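Below is one structure; the comments refer to it alone.
Encoded structure:
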């Protein structure tokens, strides 16, 4: 596998939730979920704590099997994890004994990319996320924002077709969070990957999303009262700019929440 092969711009993955029931234990937290995520779309999922946002993401990642219904990736049923679906967590999950470059190279090593090629690809991504010159630093030598930059590079280095992000900026201070949001938007311009992004922050959702899904009780469809499901699916008009006035849409989301 060559650098050019990994850098090829591939179409984003279409994701489908078809009558999905999902959760832990004997009682599903999410029921009767029907949702289409278009190829290349940035879909943001918001909802109160305990509404099943992270549960939904883990289902899409193949980490949590459904009770019933189906999760489809380009029409094929999801039965486990796959390199084409990358996951980014709030906790950066970096291997503490590996350098920045070593962490970023990890997915390429798992795929069997030769050492010289994976070093070149990792170096390119380290530069893209603004960490040029930090290749040999260990995670303990980095700030929280820098560690999240490493996690972003590690997730994208293998050119996944879907990126699943579970409140990746939630633990950062306001200034660093804004920097990471801008960085993510810049990186997304260079990829056609589908993104499903979970957040508590309505303003973050409005900045990043093409559409916003609101989870909560008394859901749309046939979900029983008290179960969590989809309350609303809302389009977000462009452009992606903090200065864009979305007061009305923000009020609608807060009302649904």
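Residue numbers (this note's numbering): 419 to 675. All C-beta atoms, glycine included, are put in the ideal place defined by N, C-alpha and C. These numbers come from a predicted model, not from an experiment.
Mapping the DSSP letters down to three states, classify residue i as helix, strand or coil.
{"i": "residue 432", "result": "coil"}
{"i": "residue 650", "result": "strand"}
{"i": "residue 639", "result": "Bear in mind that a pLDDT of 47 at residue 639, under 50, signals an unreliable position, so the number given afterwards is only what the model happens to contain. Correct three-state label for residue 639: coil."}
{"i": "residue 667", "result": "helix"}
{"i": "residue 526", "result": "helix"}
{"i": "residue 656", "result": "coil"}
{"i": "residue 546", "result": "helix"}
{"i": "residue 555", "result": "coil"}
{"i": "residue 675", "result": "coil"}
{"i": "residue 661", "result": "coil"}
Contact defined as beta carbons within less than 8 Å: I believe residue i pairs with residue j. What is the distance between those atoms, to the nearest angstrom?
{"i": "residue 487", "j": "residue 646", "result": "Actually they are not in contact, since the Cβ atoms of residue 487 and residue 646 sit about 14 Å apart, beyond 8 Å."}
{"i": "residue 584", "j": "residue 508", "result": "6 Å"}
{"i": "residue 439", "j": "residue 448", "result": "7 Å"}
{"i": "residue 599", "j": "residue 587", "result": "7 Å"}
{"i": "residue 678", "j": "residue 460", "result": "Only positions 419 to 675 of the chain appear in the structure, and residue 678 is not among them; the question remains open."}
{"i": "residue 547", "j": "residue 567", "result": "4 Å"}
{"i": "residue 552", "j": "residue 518", "result": "5 Å"}
{"i": "residue 539", "j": "residue 571", "result": "10 Å between Cβ atoms; not a contact."}
Give the DSSP bridge partners of residue i, in chain order.
{"i": "residue 632", "result": "464 and 650"}
For residue i, I'd like the list of residues in its chain whose CB is within less than 8 Å of its CB, leaving aside the five on either flank, ordered along the chain.
{"i": "residue 513", "result": "520, 521, 524 and 557"}
{"i": "residue 576", "result": "424, 501, 504, 525, 526 and 529"}
{"i": "residue 467", "result": "618"}
{"i": "residue 678", "result": "Since the displayed the chain opens at 419 and closes at 675, residue 678 lies outside it and no answer follows."}
{"i": "residue 485", "result": "439, 440, 441 and 446"}
{"i": "residue 606", "result": "460 and 613"}
{"i": "residue 642", "result": "Any reading at residue 642 needs caution, since the residue's pLDDT is 48, under 50, leaving its predicted position unreliable; the model's value is listed next. Only 449 meet the Cβ criterion."}
Could you pull out every residue in the same chain whose Cβ sits closer than 6 Å to the Cβ of residue i, ignoring the five residues on either side in sequence?
{"i": "residue 492", "result": "431 and 432"}
{"i": "residue 463", "result": "471, 616 and 631"}
{"i": "residue 498", "result": "480"}
{"i": "residue 477", "result": "440 and 489"}
{"i": "residue 594", "result": "563"}
{"i": "residue 510", "result": "565, 566 and 569"}
Using C-beta distances below 7 Å, list every residue in its chain close to residue i, excluding the 5 sequence neighbours before and after it, in chain order.
{"i": "residue 536", "result": "523, 526 and 527"}
{"i": "residue 610", "result": "427, 428, 429, 430 and 458"}
{"i": "residue 589", "result": "508 and 562"}
{"i": "residue 668", "result": "620 and 624"}
{"i": "residue 456", "result": "432"}
{"i": "residue 578", "result": "501, 502, 503, 504 and 611"}
{"i": "residue 475", "result": "582, 584, 614 and 616"}
Minimum length 4: unbroken alpha helix (DSSP H) runs contained in the region 558–620: Within the region 558–620, the complete alpha helix (DSSP H) runs of at least 4 residues are 562–574 and 592–606.
Within the region 438–522, ranges of the alpha helix (DSSP H) (whole runs, at least 4 residues): For the region 438–522, the continuous alpha helix (DSSP H) assignments of 4+ residues that do not extend past its boundaries occur at 471–479, in sequence order.
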